Amino acid sequence: MEMITALVYIAIFPGFFFLAVYGTALQWADRKICAVMQNRVGPPWYQTLADFIKLASKEVIIPDGADVKMFKALPYIAVAAVITAMLFIPITSSPIYSFQGDMIAVVYLLTIPTATFFLAGWSSTSPYASFGSMRVMTQLFGYEVPMLLSLVGPAILAGSWSIYDISAYFSTNPKMLFFQIIGFIVSLLSVQGKLERVPFDTPHAKNEIVGGQFTEYSGILLGLFNLSIDMEMVVCAALINAIFLGGSWQLGGWASIVLFLIKTFAIVFLFTAIKAMMARVRIDQMVKFCWKYLAPLAMIQIIVDICLKYTLLK
Amino acid sequence: MAKITIPLGPQHPALKEPENFMLVLDGEQICDATVNLGYNHRGIEKAAENRNYIQDIYLLERICGICSHSHVSCYIGCVEEIAKVEVPQRAKAIRTLVAELERIHSHLLWLGVAAYEMGFETMFMYTWRDREQVLDCLEMLSGNRVHYGINTLGGVRRDINAQQAKEIIKKINYLEERTKYYVNLATEEPTVLARTQNVGKLPYKVALERNALGPTARASGVKMDVRKQEPYFIYDKLDFEMITYDSEDVFGRVVVRVLELVESYKIIKQVLSALPEGAISVKVPWKIPAGESVFRYEAPRGEDIHYVKSNGSEIPERVKVRAPTLSNFQSIPYMLKGDYLADVPITIAAIDPCMSCTDRAVVYDAKNGKTRTFDWEELRKYSIEFYKKKGVNFSTK
Amino acid sequence: MKRKPMRILPEALKQLFKKPATSKYPFEKAKLYAGYRARINFEVEKCIGCKMCMRVCPSKAIEIIPAENQPQPQIGPDGKPMPVKKIFNCIMNLDRCIYCAQCVEICPKKALAYTQDFELAQIEKKKLRLHYKN
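Residue numbers (the numbering used here), protein chains in the order written: chain A, 1 to 314; chain B, 1 to 397; chain C, 1 to 134.
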């Protein structure tokens with residue numbers, strides 16, 4: 001019986017099925033909102049689904065000299081890692097699995113898709129793809145530290161490394177959320193880097209290096225990579241929601257799910273606004289920005305949280 | 001990491017037209033770059049020698065989709081000079097009007113393309129949306145959005161009435177407001193500044209040495225504008241400024257183009273407020289007397305030069321086109337050296353390249369890295385051989 | 001240099017409450033200005049067969065040919081055959097036409113005129129060859 005419920009969790013909710021449907025829906029919302037902001041019409045509601053079906057029905061072409069097994073396995077690993085990360089993030093009042101330190105586990109699980117992007121570019125053996133994968137790796141060193149640092153502040157305040165405990169802490173002390181605004185902004189910007197969106201979409205900047213790390217990918221494999229990015233968007237939004245916006249506010253049941261959907265949608269709206277109002281920066285500028293501004297800001301957030309915890313709240 | 005050579009083009013998302021740039025990269029940095037032309041050769045100059053003067057107007061209009069009025073005006077300037085035709089003032093004013101509307105449409109288009117190459121899609125969409133206004137003006141005035149066909153030998157084909165003038169002024173006022181917004185946007189948005197400042201440096205001396213033209217040269221501080229130096233049409237009677245900027249980089253090129261838009265609005269208002277009365281065209285004979293002529297014209301991208309030689313018949317003996325992009329291409333390898341791979345699209349876009357204007361047939365031998373031009377006979381022989389290998393025999397023998 | 005981040009945001013947010021600028025062309029009628037040059041029309045009665053249009057056409061799209069059924073020469077009251085106006089037909093190759101309307105301009109009898117009829121795409125190439133006859 002336990003086996004069956006676990007399978008349901010992984011395959012349906014909050015696993016693959018939920019993530020895929022909500023991810024593609026958010027991807028559509030992102031594109032549509034961006035289009036409306038740009039005074040365009042934008043894609044119809046079934047566009048992302050149609051894209052996936054089209055890619056799934058296309059032939060998969062594997063370049064000469066590529067490591068065939070790795071080339072084929074990577075998209076599945078990316079999707080699996082994202083689903084696993086989602087299992088630790090609370091949607092309803094309690095997460096499916098939780099343990100002390102699951103926040104660190106989620107951050108590392110979210111690094112796995114990035115690593116697969118790097119390997120995907122590397123194993124394609126085309127110059128554009130290798131440039132893309134080099135940039136993926138360089139970018140990883142840029143955003144990963146500020147992102148992790150921005151998550152440390154709330155963890156210190158809550159006195160726990162578990163995502164559920166942190167969101168529970170904030171739902172009992174909602175005042176504390178106002179002090180997390182710097183960390184919230186830092187995490188929003190660094191997640192743009194993780195999801196490879198404007199202004200940090202250099203790894204697959206189409207004007208520069210065509211498709212970046214995915215240049216040689218086609219068919220269902222490319223579809224799965226795109227799906228994994230969509231799912232990653234949901235997971236990142238859910239993570240920010242749980243850590244900075246107090247998660248489900250202990251509501252439980254359907255209300256918490258609705259709250260989750262509303263809040264993640266709002267976060268994606270912020271992602272879209274950032275995407276719509278900036279130009280793409282160069283990879284060296286991106287790394288410099290992350291270390292010069294984002295990382296110190298995240299440190300300030302940590303200091304604020306330490307001060308709060310050990311002086312004011314004593 | 002060892003140096004690697006990657007091709008940029010002929011098929012590449014950053015290039016709107018086929019052209020090839022070979023980049024030698026050391027990591028992300030560019031050590032060397034070469035430009036290879038010849039993917040878009042259409043033999044227009046040769047075709048022009050087989051058509052009469054009126055047919056050539058429409059042929060040469062299709063050299064370029066964006067500066068179509070420039071090429072025709074330049075060609076017609078040559079022919080009118082040979083035929084010694086005095087063009088009526090009103091025709092000259094209308095030509096100036098269309099030329100400036102075309103400059104606005106080209107610069108707005110460029111601003112959008114530059115924003116797109118920087119990944120700033122919202123600005124790209126906004127500029128192109130506003131560009132529709134000026135395209136509407138051109139459609140109203142000439143009957144088409146792109147290939148206006150307003151010029152004819154000895155004048156223009158369509159007159160402009162008071163109502164049209166009023167509507168153009170209305171649209172120009174709207175664009176003027178929007179342009180102010182774009183000036184602020186392009187010069188204050190940090191991400192745009194990060195992508196344009198100190199990118200694609202072209203110092204004053206190099207710009208002269210490599211014969212840069214138009215906004216590319218003016219952004220390096222070169223004072224050069226045919227409208228000022230050798231005024232044609234009615235530019236000598238108009239009050240406008242030559243925009244130069246001395247930052248010598250892509251940012252300077254953005255600023256020059258955006259400020260030129262403002263100058264163009266000024267010119268259009270002046271032309272429309274003092275439109276001379278009279279006929280719009282005079283008759284030009286079918287046969288143009290023997291002679292030769294060169295005309296210089298300030299196209300949106302720089303100086304356009306046409307050379308026409310006539311032999312007394314109704315067909316020109318030789319038409320030679322020197323599009324501005326051909327001249328600007330010389331400075332691209334210099335600008336790219338030392339920059340990053342990410343800067344390549346915006347640096348190339350910054351000269352506002354128009355590949356199809358430029359192309360001449362050139363053969364690049366990859367084995368020894370030499371470039372040579374084919375002459376007509378050779379090209380013909382080569383093409384026959386090429387198709388023979390494919391099983392098609394075109395040779396008459 | 002002055003730096004103002006997020007300068008475009010107010011404009012972008014304003015667009016959320018506006019209609020898109022995109023023209024919904026195939027679903028709505030396209031707005032054309034009077035004087036837009038589209039398909040060239042030909043009036044048989046006016047043509048005198050000078051073939052000036054053929055001479056100026058840059059793409060050799062227009063062809064003036066004598067009509068198949070010419071009017072019979074009639075005998076006048078004085079017993080001599082009266083001069084009869086010859087009738088000409090026009091073949092317009094729309095796949096070649098570049099819609100410059102130079103033929104309209106050169107025509108001495110105004111037998112040619114441009115229309116606003118611009119939706120001319122066809123799947124069969126044959127249909128692009130218009131034959132204007134009496």
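Ideal Cβ placement from N, Cα and C applies to all residues, glycine included.
Values in this document were obtained by computation on a predicted structure and should not be read as measured data.
Membership of A/D284 in the alpha helix (DSSP H) is indicated by the continuous run 283-289.
B/T191 is not bridged by DSSP to any residue.
Within the region 37-69 of chain A, contact with chain C at the beta-carbon level (separation under 8 Å) is assigned to M37, Q38, N39, R40, V41, G42. The alpha-carbon separation between B/R210 and B/L326 amounts to approximately 11 Å. Taking a beta-carbon distance threshold of 9 Å, C/T22 counts as an interface residue toward chain A. For the region 170-203 of chain B, residues whose beta-carbon sits nearer than 9 Å to a beta-carbon of chain C comprise Y181, N184, L185, T187, E188, E189, P190, T191, L193, Q197. Close CB contacts of B/G291 within its chain, under the 7 Å cut and outside five residues either way in sequence, are with I82, S310 (chain order). Within the model, the alpha-carbon separation for A/T92 versus B/R145 is close to 57 Å. Taking 7 Å as the upper bound on Cβ-Cβ separation, chain B lies near residues K2, R3, K4, P5, R7, I8, A12 of the region 2-16 of chain C.
Residues of chain C with a Cβ closer than 7 Å to the Cβ of B/Y116 do not exist, since the nearest Cβ in that chain sits about 14 Å away. The beta carbon of A/M278 lies closer than 7 Å to those of V198, P199 in the same chain, with the five residues before and after it left out.
Flagged as an interface residue toward chain B: A/Q285, by a C-beta distance shorter than 9 Å. Just measuring C-alpha positions, the residue of B/I160, B/P316, B/S220, B/P190 sitting nearest B/Y307 is B/P316. Per DSSP, the beta-bridge partners of B/H306 are B/F295, B/V321.
Taking a Cβ-Cβ threshold of 7 Å, none of the residues of chain B is close to A/N173; the smallest such distance is about 36 Å. For B/L111, no chain A residue has a C-beta closer than 8 Å to its own C-beta; the minimum C-beta separation is roughly 13 Å. Taking 8 Å as the upper bound for CB-CB distance, A/P127 and B/I6 are in contact here, some 4 Å apart. With a contact defined as Cβ atoms closer than 8 Å, C/C90 and C/F42 qualify at about 4 Å.
In the DSSP annotation of this structure, the continuous segment of the beta strand (DSSP E) that includes C/H131 starts and ends at 129-132. At a C-beta separation below 8 Å, A/E208 has these neighbours in chain B: A14, L341, A342, V344, P345. In the three-state DSSP reduction, B/Q29 falls in the strand class (E or B).
The region 295-303 of chain A makes contact with the region 146-155 of chain A: 3 or more CB pairs, one atom from each, lie closer than 8 Å. With at least 16 other beta carbons inside 10 angstroms of its own, A/W28 counts as buried. Its Cα nearest to that of C/P71, the residue C/E45 stands out among C/I106, C/E45, C/L32. Between the region 152-164 of chain B and the region 113-132 of chain B, the count of Cβ pairs shorter than 8 Å is below three; the stretches do not touch. Those residues of the region 187-218 of chain A placed with their C-beta closer than 8 Å to a C-beta in chain B are V198, P199, D201, T202, A205, K206, N207, E208, I209, V210, ordered along the chain. Taking a contact to require three or more Cβ pairs closer than 8 Å, the region 173-182 of chain A and the region 254-270 of chain A do not qualify as touching.
Scanning B/V271, B/V156, B/P215, B/P18 for the CA closest to the CA of B/K237 turns up B/V271. In the displayed model, B/M22 falls within a strand according to three-state DSSP.
A direct Cα-Cα distance of roughly 7 Å separates A/Y164 from A/S98.
With its beta carbon at least 9 Å from every one in chain B, C/P26 lies outside the interface.
The beta-carbon of C/L94 is placed no less than 9 Å from the nearest beta-carbon of chain B. Counting C-beta pairs closer than 8 Å gives three or more between the region 256-265 of chain B and the region 96-110 of chain B, which meets the contact rule. Pairwise C-beta distances place the region 45-64 of chain B in contact with the region 47-58 of chain C, as three or more of them are shorter than 8 Å. Taking all protein chains shown into account, B/A114 has 16 or more neighbouring C-beta atoms within 10 Å of its C-beta and is therefore buried.
Distance check between A/I240 and each of A/P154, A/T84, A/L251, A/A105 places A/P154 closest, using alpha-carbon atoms only.
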